[in-house]
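Our numbering puts the first residue of the sequence shown at 1, with every later residue one more than the last. Note that the Cβ used here is the ideal one computed from N, Cα and C, for glycine as well.
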Amino acid sequence: MDYEQVIRRRRMVRDYTDEPLAASCVERVLASAPRAPSAGFSQGWAFLALSEPEDRARFWTFAATQAEHSPSMRNAPLVVVSLSHKNAYLDRYAEPDKGWSDRAESRWPAPYWDIDTGMATLLMLLTAVDEGLGACFFGLLPDQLIPFREAFGIPASYLPIGATTVGHRAAVVAPQSDRIAQRRRPIDDVVHRGSWGR
Ligand SMILES: Cc1cc2nc3c(=O)[nH]c(=O)nc-3n(C[C@H](O)[C@H](O)[C@H](O)COP(=O)(O)O)c2cc1C
Numbered sequence: 001m002d003y004e005q006v007i008r009r010r011r012m013v014r015d016y017t018d019e020p021l022a023a024s025c026v027e028r029v030l031a032s033a034p035r036a037p038s039a040g041f042s043q044g045w046a047f048l049a050l051s052e053p054e055d056r057a058r059f060w061t062f063a064a065t066q067a068e069h070s071p072s073m074r075n076a077p078l079v080v081v082s083l084s085h086k087n088a089y090l091d092r093y094a095e096p097d098k099g100w101s102d103r104a105e106s107r108w109p110a111p112y113w114d115i116d117t118g119m120a121t122l123l124m125l126l127t128a129v130d131e132g133l134g135a136c137f138f139g140l141l142p143d144q145l146i147p148f149r150e151a152f153g154i155p156a157s158y159l160p161i162g163a164t165t166v167g168h169r170a171a172v173v174a175p176q177s178d179r180i181a182q183r184r185r186p187i188d189d190v191v192h193r194g195s196w197g198r
């Protein structure tokens, strides 16, 4: 698909059929994630890929609110949970070429572990669009994180920043709400050229 089309067509799709995904599509979506940039090339991320029906069913018990709001999201044949790994960044920047041997979090201008994991997730969203599929990123509620980690054996040092469904779009996908479709902020509202508000 043309690059402009991929960008323009990307939107969160919450309506899916249960048509299976070709294995090549699943692998292409997953393979796009680690192509993301990462601070110091730390690559402090991991991706829990759930495609077996029983694994996905188990996942949805921890995302019940989302499933209630958008029931056909459960049809999506692939759910990928993105996990950020802060320690990988603290370890990497404690190396001699970076020199932050105190591993102090106060040195970081922003939580790059979460940012980079988000960038990796965006690549999966875009790859799904390029494959002609739908995808949606959504958050997991804080009170679900501990039981979710336990259920899937995720180490405590990995933070689930959210999950992405990938699947074939339903024949009728709910239109984006007017609020979203019409209120994407204009370019000059968000880009400050040369100086803030000039
Ligand atoms: C960090 C983040 C968290 C989000 N959490 C949810 C969520 O919990 N549930 C949901 O349905 N959508 C969620 N979304 C999707 C947004 O609602 C959506 O991106 C926004 O409304 C713009 O619509 P669009 O992505 O279709 O253009 C999230 C998006 C981001 C980037």
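Fill in: Coarse secondary structure for Pro186, derived from DSSP in three states
Numbered from its first residue, the sequence shown carries residue 186 at position 186. Coil at Pro186, not helix or strand.
Practice prompt. Could you check the C-alpha separation between Leu141 and Glu4 for me, to the nearest Å?
Written response: Numbered from 1 along the sequence shown, position 141 holds the residue referred to as residue 141. Numbered from 1 along the sequence shown, position 4 holds the residue referred to as residue 4. About 33 Å.
Practice prompt. Using alpha carbons as the reference points, say which of Ala104, Leu126, Tyr112 and Gly44 lies closest to Gly167.
Written response: If you number the sequence shown from 1, residue 167 lands on position 167. Cα-wise, what sits closest to Gly167 is Leu126.
Discussion item. Between the alpha carbons of Ala57 and Asp189, how many angstroms are there, rounded?
Written reply: As a first step, residue 57 must be located in the sequence shown, where it is residue number 57. As a first step, residue 189 must be located in the sequence shown, where it is residue number 189. Using only the alpha carbons, I get a separation of about 42 Å.
Worksheet item: Considering only residues of the region 84–145, which uninterrupted alpha helix (DSSP H) runs meet the minimum length of 4 residues and lie entirely inside it, listed in chain order?
Response: 86–93 and 112–130
Discussion item. Please tell me whether, using a cut-off of 6 Å, the distance from the CB of Gly139 to the nearest non-hydrogen atom of ligand 1 is below it.
Written reply: Stepping through the sequence shown from its first residue, residue 139 is reached at position 139. Under cutoff, so the answer is yes.
Fill in: Spatial distance of Ala64 from Ala151 (CA atoms)
Translated into the one-based positions of the sequence shown, residue 64 becomes position 64. Translated into the one-based positions of the sequence shown, residue 151 becomes position 151. Roughly 15 Å between the two C-alpha positions.
Item to complete: Just grab the DSSP bridge partners of Arg169 for me.
Response: Counted from its first residue, the sequence shown places residue 169 at position 169. According to DSSP, which records beta bridges pairwise, Arg169 is partnered with Tyr16.
Worksheet item: Is any heavy atom of ligand 1 found at a distance shorter than 6 Å from the C-beta of Met12?
Response: Walking along the sequence shown from the start, residue 12 turns up at place 12. For ligand 1, at least one heavy atom lies less than 6 Å from the Cβ of Met12.
Fill in: Nearest to Ala171 (by Cα), restricted to the options Gly40, Glu19 and Arg10
Here residue 171 corresponds to residue number 171 of the sequence shown, with the count starting at 1. The shortest C-alpha separation from Ala171 is found at Glu19.
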